[in-house]
Amino acid sequence: MNKKDHWSYPYDCRTCDLAFRSEDARDRHQNDEGHYEDLHCSDCDRYFRHANNLAQHMNSRVHRGSTIACPFCQTTLTTASGVIHHVETSACPKARNLDRNVIHRGLRQLDHDGKFTERLLEWHDGNSINATWNPNCAYNGSGYECYICHREFCSTRALEQHLRSPVHQAPLYHCPNKNGKCSRRFPTLAALFNHFESESCGYTKFEIVQKNVGGFLTGGGQRLIQL
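At position 182 of the sequence shown (counting the first as 1) the number is 182 in the UniProt record's numbering, and the numbers step up by one without a gap.
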């Protein structure tokens with residue numbers, strides 16, 4: 001066996017039958033294929049390349065279902081960030097007058113020290129900016145063109161939705177983790193909550209975010225944002 005070099009592949013993959021001449025070759029294979037035994041979902045028999053990918057999978061609808069209730073309409077969603085997005089996009093039937101801009105204005109008034117809201121010198125919400133502009137004037141012969149990024153849309157409605165979205169909006173929130181020196185900024189509250197859920201900067205835990213999202217939106221009975 002020694003003559004045939006059968007012992008020259010001493011580095012086994014942790015999860016499949018392949019073996020390699022060097023540790024580096026084995027590691028490259030495991031990274032390319034996601035073959036890390038400790039990054040494995042046994043229920044789905046799926047492997048993941050990074051711990052964060054596995055965590056996101058375990059916190060997805062596949063494993064968690066829809067258990068986080070909107071505090072206004074009681075619609076259940078998978079995560080706290082999903083609830084925030086539901087409210088920010090005016091999808092909540094019990095809070096149609098709430099959107100990203102209304103929520104931000106309310107939170108700015110309450111967040112006196114700027115713990116998580118940006119202290120902008122001048123701020124206009126998307127609706128006030130677009131109210132003075134006629135999207136019909138944006139037609140360039142082939143489509144309705146965004147005057148900021150020059151992307152074309154097939155209708156004025158699609159262009160207006162684009163301009164009212166967070167795409168071209170200045171960041172409204174920042175991570176409050178000063179001790180961890182996290183400098184991430186976010187255009188929406190849902191994006192900030194998604195950052196919390198990822199646990200990437202260690203500011204809080206996923207389960208704590210899920211438990212407290214209702215109280216954050218309603219002030220634990222005293223609403224932060226008046227309906």
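Even glycine gets a Cβ: it sits at the ideal position worked out from N, Cα and C.
- Within its own chain, the residues whose Cβ lies closer than 7 Å to the Cβ of glycine 143, once the five positions on either side in sequence are excluded, are Glu152, Phe153 and Cys154, listed in chain order.
- Lysine 211: member of the alpha helix (DSSP H) spanning 206 to 218, first to last residue.
- For the options Leu54, His50, Asn97 and Asn52, the alpha carbon positioned closest to that of phenylalanine 72 is the one of Asn97.
- Between cysteine 13 and arginine 26 the beta-carbon gap is near 6 Å, inside 8 Å, which marks them as a contact.
- When beta bridges are read from the DSSP output, cysteine 41 appears opposite Arg46.
- According to the DSSP secondary-structure assignment, alanine 69 is paired through a beta bridge with Thr76.
- Cβ contact annotation for glutamate 118 (same chain, cutoff 8 Å, sequence separation greater than five): Ala170, Pro171, Leu172, Tyr173, His174 and Arg185, in chain order.
- Excluding five sequence positions before and after threonine 67, the CB atoms of its chain that fall closer than 7 Å to its own CB belong to Thr76, given in chain order.
- About 12 Å separates the beta carbon of phenylalanine 216 from that of serine 81, a gap too long to meet the 8 Å contact definition.
- If you ignore the 5 residues before and after lysine 205, its C-beta comes within less than 8 Å of the C-beta of Glu199, all in its own chain and listed in chain order.
- The closest CA to that of glutamate 207, considering only Asn59, Ile148 and Glu160, is found on Asn59.
- If you check the CB distance, valine 87 and valine 213 do not come in under 7 Å.
- Straight through space, the alpha carbons of aspartate 45 and leucine 18 are spaced by roughly 18 Å.
- For histidine 112, no alpha helix (DSSP H) encloses it, and the DSSP letter there is neither H nor E.
- Boundaries of the alpha helix (DSSP H) around asparagine 194: 189 to 198.
- With a threshold of 16 other beta carbon atoms within 10 Å, valine 167 falls short and is exposed.
- For glutamate 160, the uninterrupted alpha helix (DSSP H) segment begins and ends at 156 to 164.
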